[in-house]
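For what it's worth, the working numbering labels the leading residue of the sequence shown as 1402, then goes sequentially. All C-beta atoms, glycine included, are put in the ideal place defined by N, C-alpha and C. Here the structure is a predicted model, which means the values were calculated and not measured. One structure is given below, encoded as structure tokens.
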Amino acid sequence: MQAVFYEKYGNADVLRFGEQPKPVPKESQLLVRVHATSVNPIDWKVRSGQLLPVSGLSFPKIPGRDVAGEVVALGSKVLAFESGDRVYGMADNKLGGAYAEYAVISEETAVPIPANLDYLKAAAVPLTALTALQGLRDKGELASGDKVLINGASSGVGTFALQIAKALGAGKVVGVCGTSHIELVKSLGADGVIDYTKDDFTETRNCYDLIFDAVAKSSYLESKRSLCHHGRYVTTVPDPKDIAFGFAFSVFSDKKLKAIFTDDKGEDLALISAWIEKGSIKPIIDSVYPLHAAAEAHKYSEQGHAAGKIVLQVI
């Protein structure tokens, strides 16, 4: 099969496009003909060697977690799906496998693609939407009426976090983004927008019950002054200062620091699908690249200016 892969760690130029072995589904897996996948920061963090203790030294590696496509083969114990089903979810490999013509997904984590999504939009959903949901609901313990601030509200995770906070019953949701993305964030239902090029949310007098940092651009130690009593600060990647001091400080404070590590739960993706079908939330696509241009897509993602998701079209 054709796939994007790399045989050593490095910058985006280590990515190659060529033949790789077609995966064989295990007894509880689906083999999916991938129509589209998407770029997540974890993809280039693994590729660049930033997660070497976890990713190891075995090569070649195929990046990518998000899979949207058609079931073409089933493991012997799969009962919930049939060949020809449109499904999405995350590749059944914590380090990747989706930048390819074929990928495997666990039956437990695969979900039918909502009827109102095409493959490109479906590919923009799984990892970012699950991160937003689990970060807000599970780590952030979002309660009805909470005042919520989303830092990085125009990012892939942030655009979902803003919408999901509303779906979970937040009372007021404020998004932090750059000037060029203000209208997008407003269109997704933000009750207020802070332009980070002009104002620092950590220096305002407003307090929030929950601050969700979707882009890991702030820190708990800087942001806790903007938390109300018993407030929660949730981040996708802890700041080095928080690793050194923040978690320890949080133990003795009523303002808590939490980090989100996304779990590819099928029931959570099914909930997200239900919201999408109702029109409560929607994926936002910044740009679409052909699969063979994955290196260019990685370079763009690493700049950190995408509004929504960067999608790779396979078919």
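Worksheet item: Cβ atoms of Leu1622 and Gly1647: under 8 Å apart, would you say?
Response: yes
Worksheet entry | Rounded separation between His1699 and Ser1681 - CA only | 30 Å
Item to complete: Rounded to whole angstroms, what's the CA-CA distance from Ser1674 to Ile1686? Just pull it up for me.
Response: 17 Å
Practice prompt. Put Lys1573 into one of helix, strand or coil per three-state DSSP.
Written response: strand
Worksheet item: DSSP on Gly1559, reduced to helix/strand/coil?
Response: helix
Worksheet item: DSSP puts Met1491 in a beta bridge; with which residues?
Response: Asp1467
Worksheet item: What separation, rounded to the nearest whole angstrom, lies between the Cα atoms of Asp1669 and Asn1412?
Response: 33 Å
Fill in: Sub-8 Å separation of Lys1540 and Val1635 beta-carbons
yes
Fill in: Asn1494: CB within 7 Å of a non-hydrogen atom of the ligand PLP
Of ligands this structure carries none, so the ligand PLP is not represented either.
Worksheet item: Which of the three DSSP states, helix, strand or coil, is assigned to Ile1506?
Response: strand
Practice prompt. Name the one or two DSSP bridge partners that Pro1691 has.
Written response: Gln1714
Fill in: Backbone CA spacing between Leu1537 and Gly1593 [nearest angstrom]
18 Å
Item to complete: Would you kindly work out how many angstroms separate the C-alpha atoms of Ala1511 and Gly1485, rounded to a whole number?
Response: 14 Å
Discussion item. Which residue wins for smallest C-alpha separation from Asp1384, given the options Phe1650, Ala1649, Ser1619?
Written reply: This structure leaves residue 1384 out entirely; the chain is present only between 1402 and 1716.
Practice prompt. Report yes if the C-beta distance between Val1405 and Ala1524 is below 8 Å; otherwise report no.
Written response: no
Fill in: Ile1612, enclosing alpha helix (DSSP H) - first and last residue
Ile1612 -> not in any alpha helix (DSSP H); beta strand (DSSP E) instead, spanning 1609–1614.
Item to complete: Identify which residue in Val1425, Pro1464, Leu1458, Leu1585 has its Cα closest to the Cα of Phe1418.
Response: Pro1464
Discussion item. Could you pull the DSSP bridge partners for Glu1420 from this structure?
Written reply: Gln1403
Worksheet item: Starting from Lys1633 and walking both ways along the beta strand (DSSP E), at which residues does that stretch end?
Response: According to the sequence displayed, residue 1633 carries Arg and not Lys. From DSSP, the beta strand (DSSP E) with Arg1633 extends over 1628–1636.
Worksheet item: Where does the unbroken alpha helix (DSSP H) through Val1586 begin, and where does it stop?
Response: 1583–1588
Worksheet item: Out of Val1415, Gly1476, Thr1438, which has the shortest C-alpha to C-alpha gap to Val1447?
Response: Val1415
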